[in-house]
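Asker:
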């Protein structure tokens, strides 16, 4: 009898909780192979991103390594970005992974499944409100939170000049 393959795409709060529970209940006992797919190698809980943005939290210290978490909780981790589904063949199609220099480090792959959960999460939406896309900093990822922090600190430094201070406007 073949082992059931459960694939979860998306390691946000919902996907991570699901693979953790499935891994502990089924994966550790060999009743199923649980696989988490995420484009990132680590997870940080999205409601904490405002703390990363202000510097109250260091994402490199407080993030969870999917690989380490997988080993401790009875599931497998595959880094990748969902490129498509072959529902007839019951396969997830993963895009190739490139390094910072554009070099392919993992080719496109196919992963078989018996059960598939798409837990792709959400991103901020400006609903087409004029000016939002040009003037708003969204906090959907640790990278965006860290970029906002750098922007905020450089803005404070820029306006520490007494001649610029009188023209300062900051909205949070």
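Residue numbers (my numbering): 19 to 190.
No residue lacks a Cβ here, since even glycine has one placed at the ideal position from N, Cα and C.
#1: Here's the rule: buried if 16 or more other CB atoms are within 10 angstroms of the residue's CB, otherwise exposed. What is residue 27?
#2: May I ask you to verify whether the segment 123-130 touches the segment 65-82, counting CB pairs closer than 8 angstroms and requiring at least 3?
#3: For residue 145, which residues does DSSP report across the bridge?
#4: Compute the beta-carbon to beta-carbon distance between residue 167 and residue 72, rounded to the nearest angstrom, for a pair I have assumed lies under 8 angstroms.
#5: If we ignore side chains and look at the alpha-carbon of each, how far apart do residue 12 and residue 118 end up?
#6: Just grab the DSSP bridge partners of residue 204 for me.
#7: So what's residue 157 in DSSP terms, helix, strand or just coil?
#8: Identify which residue in 67, 138, 108 and 179 has its Cα closest to the Cα of residue 162.
#9: Can you tell me whether residue 167 is helix, strand or coil according to DSSP?
#10: Within the segment 56-118, note down every full beta strand (DSSP E) run reaching 3 residues or more, in order along the chain.
Answerer: Looking at the coordinates:
#1: buried
#2: no
#3: BP columns for residue 145 are empty, so no partner.
#4: 7 angstroms
#5: Any property of residue 12 remains undetermined from this structure, which presents the chain solely from 19 to 190.
#6: Look at the range of the chain in this structure, 19 to 190, and you will see that residue 204 is not part of it.
#7: coil
#8: 67
#9: helix
#10: 94-97, 100-104 and 109-112
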